[in-house]
Amino acid sequence: MASQNAVLHRVGLALALALLLVMPWLLGSYQLRLFTEAVIFSLYAVSYNMLLGYAGLLSFGHAMFFGWGAFSFAVALNHFPGIPLFGAVALAMASTTVMGLVVGVLLLRVKGTPFALLTLAFNALVFAIGIKWHSVTGGDDGLSIACPPLNLGFTALNVSHGANLYFFTLVIVGAAIAFAWYFTRTAMGQSVLLIRENEERMRFLGYNTNVSRLILFVLSGALAGLAGSFYAILNSFVSLDAVSIEMTTKVLLMTFIGGTGQFLGPVVGAFFFTYVQNYLSDLTDNWPLIMGALFIGMVLWVPGGLAGLAAKLSGGRKQGDQDGTLAGME
Amino acid sequence: MGEAAVFFLHGLAYAGLLFLVSSGLTLVFGMMNVLNFAHASFYMLGAYFAYSILYLTGNFWLALIISPIILLVIGAFVERFLLRKVHVHGHVHELLLTFGLAYIIQEAVKLIWGTTPQAMPLAGFLADTVNFFGVVYPVYRLFIFCLSALLGLGMALVLFKTRIGIIVRAAVDDSPMVDALGINVPMVFMGVFAVGAALSGFAGVAAGPLLSVFPGMAGSILVDAFVVIVMGGMGSLGGAVLASFIIGELQSFGVLLFPDFSLALIYMLMALVLVLKPEGLFGEKQ
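Note that the protein sequences, when read in sequence, are chains A and B.
For the first sequence, our numbering begins at 1 and goes up steadily by one.
For the second sequence, our numbering begins at 331 and goes up steadily by one.
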């Protein structure tokens, strides 16, 4: 049985990969752009779920990393003319990492509810900096960027739109998602899961739980920053919207609707949210009301999210907790 | 000197509003361990209900009475039919629920009342100014401060001088024990949640004529109220009084002294408290 499952698994994975590779030939340019956006938000949501699903840390300030990454990327491009594309992305991730370290050292002193509301306050602080620091961030006007071509040695590709952007996003963002998956499988990643379940016991076993949590927090922030810089490439523009509370709400809704108990839950949620939002916003300006109602309904009746629901319906439970939901936060 | 006095009084008025919002928030947190993200939305709803009542009847006093009563009912409903349902799933779900509620209320307000700020015109003596030790000062700001002081005093009397107050304080300390003593604790939770919502509604009505009524008003006071309860110590009423005063004055003088950094100032203060005394000024060490 088990080997049969593994074969099915591999076939499914190969099919999904093949489908991803032929996407540009299946979709029109508008649809492809939407799909690319969903891929970027998948990384954003996966990085968020490393905190919420794996560490049991409920953050209301994830947009501070997303927006910080987006702005660092734009600032790097505008202030260092001639910087290669990867240089700007690397700078954005590096600056988000440093920021994650500073914020993490301050915030991880508290847990549970105080942590949740302090993340919100820090998000508000970063947003306030974004408005006030007009000379660097452009304030309310935002920053437009001209994305440099990607130098591959033998040729230079313009990756700012279309199929090139899609493949560039798929490779880099996909690799980041794969890395996040790999990380949760390592002893390091697993230890965070165990700390969530019983921190005291982990301490007795000799783990420095504060350091484990900080590493996870910083990594999650850096991945969100990477997602942010791709969001900047996608729009050729960065506005304060990227660092707003709305952007935090977005990732929270995506992750929870998708399901926090399984690794792919946030990816499901990101695609669901992006497409449903796109559909609803054509029909009505009040789409957030519908999305909010859906979210409340899920909190009340489907706490495991779409992925949890699917796992329950198919009868199989892979990873995640017994009922497909996250464990309570102390 | 005159200018400083004016800014001090401005700070007091805002501190009053902040106290009305954060006292309910901190009591609910102390008792149910739920940080209610929708609490500031109750404040906003209070303001919008008052705006509509004032628009229809032209009577501010009627708005000041009816709007908090509507919020009392809404608060009881939210606790009984929504919050209690997700309680079994743990704190994360409770937080998520109130967060979702705040989101929905925000969008519903935009849908019903529109996004443009609405003014609430005052009439009678509330619209006057008073000569206060040589400083001409609007009566309404003093009224806000007196109203919140009065409500705060009433709350303190109920909490510390009545049997209901003893039960509430005991439930804040150890709700399973109170439950074991045969008191209907879920009922107490519902009551406190509803009264907290009504207090927030009072603050909303009072804030309407001062700050005008707009969909962003929930978000702006929510973060300030969070800073207040973190600084004061979560669950501590005395802490909420002191921290409201500090934040109110800091906001007021911050605008005067460092106009560009008044926002950052309160976060820095909070970060400082957090580093030096993570449990807050009056909080209990865990």
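For glycine and all other residues, C-beta sits at the position ideal for the given N, C-alpha and C.
On a predicted model such as this, the values are computed, not experimentally measured, just so you know.
*Would you mind giving the Cβ-Cβ distance between Leu580/B and Leu595/B, rounded to the nearest angstrom? I have them listed as a contact below 8 angstroms.*
6 angstroms
_Residue span of the alpha helix (DSSP H) that contains Tyr279/A, given as start and end_ = Gly265 to Leu283
*How long is the line joining the alpha carbons of Asn235/A and Leu150/A, rounded to whole angstroms?*
17 angstroms
*Cα-Cα separation, Asp140/A to Ala242/A*: 12 angstroms
*Counting only runs of 4+ residues fully inside the segment 515-553 of chain B, write out the alpha helix (DSSP H) ranges in chain order.*
515-541
*List the DSSP bridge partners of Tyr207/A.*
DSSP output for Tyr207/A lists no bridge partner at all.
*By how many angstroms is the C-alpha of Tyr44/A removed from the C-alpha of Gly221/A?*
9 angstroms
*asked:* I'd like to know if the segment 475-495 of chain B and the segment 518-533 of chain B are in contact, where contact means that at least 3 CB-CB pairs between them fall below 8 angstroms.
replied: yes
_Members of the segment 182-212 of chain A near chain B, C-beta cut-off 9 angstroms_ = none
_Can you check whether the C-beta of Thr113/A is within less than 8 angstroms of a C-beta belonging to chain B?_
yes
*Going by Cα to Cα distance, which pick from Val408/B, Phe379/B and Ser371/B is closest to Thr524/B?*
Here the sequence assigns Ala to residue 524/B, which means Thr is not the residue at that position. That would be Val408/B, whose Cα lies nearest to the Cα of Ala524/B.
_Cβ closer than 8 angstroms: which chain A residues qualify as neighbours of Ala601/B?_
Leu106
*Within 8 angstroms (strictly less), CB to CB, does Val525/B reach chain A?*
no
*Within this structure, are the beta carbons of Phe419/B and Asn363/B separated by less than 8 angstroms?*
Looking at the sequence provided, one finds His at residue 419/B rather than Phe. No, these two residues do not count as a Cβ contact at 8 angstroms.
_7 angstroms Cβ shell around Glu424/B - same chain, five flanking residues per side excluded_ = Val364, Leu413, Val416 and His417
*Would you call the segment 254-274 of chain A and the segment 299-315 of chain A touching, i.e. three or more CB-CB distances under 8 angstroms?*
yes
*What residues of chain B sit near Phe256/A, judged by a beta carbon separation below 7 angstroms?*
Leu426
*Met517/B: buried (16+ other C-beta within 10 angstroms of its C-beta) or exposed?*
exposed
*Note down, in chain order, each residue of its chain lying with its Cβ closer than 7 angstroms to the Cβ of Asn158/A, except the 5 sequence neighbours on either side.*
Pro149 and Asn164
*Give a yes or no on whether the C-beta atoms belonging to Gly292/A and Glu437/B are separated by under 8 angstroms.*
yes
_For a cutoff of 8 angstroms on Cβ pairs, would you count Tyr433/B as touching chain A?_
yes
_Interface positions of the segment 399-431 of chain B facing chain A (Cβ-Cβ less than 8 angstroms), listed along the chain_ = Leu412, Lys415, Val416, His419, Gly420, His421, Val422, His423, Leu425, Leu426, Leu427, Phe429, Gly430 and Leu431
*What separation, rounded to the nearest whole angstrom, lies between the Cα atoms of Leu280/A and Val336/B?*
49 angstroms
*asked:* I need the straight-line Cα distance from Leu572/B to Pro506/B, nearest angstrom please.
replied: 30 angstroms
*Find the residues of chain B that neighbour Ala116/A, judging by a C-beta separation of less than 8 angstroms, and give them in chain order.*
Leu365 and Leu425
*Between Gly512/B and the ligand GDP, is the CB less than 7 angstroms from at least one heavy atom?*
You won't find the ligand GDP in this model; it holds no ligand whatsoever.
*Can a CB atom of chain A be found closer than 8 angstroms to the CB of Pro608/B?*
yes
_Any chain B beta carbon closer than 8 angstroms to Ala232/A_ = no
*Determine the direct distance from the alpha carbon of Ser42/A to that of Leu8/A, and round the result to whole angstroms.*
24 angstroms
*Excluding the 5 residues preceding and the 5 following Leu27/A in the sequence, name in chain order all residues of the same chain whose CB lies nearer than 7 angstroms to its CB.*
Phe35
*How big is the Cα-Cα spacing for His161/A and Arg33/A?*
8 angstroms
*Determine, using beta carbons only, whether Gly320/A comes closer than 8 angstroms to chain B.*
Legend: pLDDT at Gly320/A = 45, less than 50; position of this residue unreliable, value from coordinates given subsequently. By this cut-off, Gly320/A is not an interface position.
*asked:* Within the continuous alpha helix (DSSP H) that includes Tyr302/B, where are the two ends?
replied: Because chain B is modelled from 331 through 616, residue 302/B falls outside the range shown and cannot be assessed.
*Applying a beta-carbon distance threshold of less than 9 angstroms, which residues of chain A neighbour Tyr597/B?*
Ala121, Phe122, Ala124, Leu125 and Ala128
*What do you get for Gly324/A, buried or exposed, if any count of 16 or more other CB atoms within 10 angstroms of its CB means buried?*
Residue confidence is low: Gly324/A scores 44 on pLDDT, short of 50, so the model does not pin down where it sits. No coordinate-derived value is stated.
_Can you confirm whether Asn556/B, when its beta carbon is compared against all beta carbons of chain A, has any partner nearer than 8 angstroms?_
Residue identity check: residue 556/B is Phe in the sequence provided, not Asn. Closer than 8 angstroms to some Cβ of chain A, the Cβ of Phe556/B qualifies, so yes.
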